[in-house]
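**Student:** Below are the structure tokens for one structure; questions will follow.
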Amino acid sequence: MSKIINVIDVLDNKISLEDAKSMIIMHKGEAYTYFDEGLTRHVYANADKTKVIKLNMRESGINYNQMEIDIYTNASEESKEQMVETTISNNLIEQEFVTPIKFGGKKLTIPQRLFARSCRNEVGWTVDGKLQCFDLDEFKKY
Numbered sequence: 016m017s018k019i020i021n022v023i024d025v026l027d028n029k030i031s032l033e034d035a036k037s038m039i040i041m042h043k044g045e046a047y048t049y050f051d052e053g054l055t056r057h058v059y060a061n062a063d064k065t066k067v068i069k070l071n072m073r074e075s076g077i078n079y080n081q082m083e084i085d086i087y088t089n090a091s092e093e094s095k096e097q098m099v100e101t102t103i104s105n106n107l108i109e110q111e112f113v114t115p116i117k118f119g120g121k122k123l124t125i126p127q128r129l130f131a132r133s134c135r136n137e138v139g140w141t142v143d144g145k146l147q148c149f150d151l152d153e154f155k156k157y
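Just so we're aligned, residue 16 is where the sequence shown starts under this note's numbering, counting upward by one.
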């Protein structure tokens with residue numbers, strides 16, 4: 016059974032995977048449901064899969080959302096072309112939805128594979144077929 020949660024009520028609290036999967040988060044008047052998770056955050060998508068929000072899994076002293084927006088804000092325009100557009104609101108990262116390559120079912124060209132590997136495969140397809148990095152902490156680190 017899902018429960019609707021106001022985003023303010025979950026910030027700075029530890030969120031289990033079971034709880035994360037059952038939550039519907041209201042953000043800016045729109046409902047977001049569980050989509051996936053990374054190492055530090057749960058990811059929620061809106062109904063039409065045009066946006067995601069990222070919610071820290073636990074209070075750890077490190078604000079991964081702030082780290083991500085700092086990376087995006089300080090990136091060059093050239094780098095931003097390879098990153099998913101990223102903003103922050105109510106301490107949540109908001110990004111354009113991209114289909115992660117692990118779900119995309121598309122073969123990557125050699126340059127796409129090299130780019131994906133340089134971002135620890137944290138890349139996805141935009142609606143217009145562009146491959147972009149969505150976990151900006153991993154952007155071209157490898």
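In this text, a Cβ means the ideal position worked out from N, Cα and C, and glycines have one as well.
Helix, strand or coil for T88 per DSSP?
**Tutor:** helix
**Student:** Answer yes if the region 39-50 comes into contact with the region 63-77, meaning at least three C-beta pairs across the two stretches below 8 Å, and no otherwise.
**Tutor:** Segments in contact, yes.
**Student:** Nearest by alpha-carbon distance to D143: which of L151, S31, T124, F112 is it?
**Tutor:** That would be F112, whose Cα lies nearest to the Cα of D143.
**Student:** Assuming F130 and G139 are in contact, meaning their beta carbons sit under 8 Å apart, how far apart are those beta carbons, in whole angstroms?
**Tutor:** That pair is no contact at about 12 Å.
**Student:** Would you identify the three-state DSSP class for L107, choosing helix, strand or coil?
**Tutor:** Reduced to three states, the DSSP call for L107 is strand.
**Student:** Just to confirm before moving on: does the CB-CB distance between I40 and Y59 stay below 8 Å?
**Tutor:** yes
**Student:** Report the residue from A62, Q110, N105, S94 whose alpha carbon sits nearest the alpha carbon of N78.
**Tutor:** N105
**Student:** What residue does the beta strand (DSSP E) around Q147 start on, and which one ends it?
**Tutor:** 146-148
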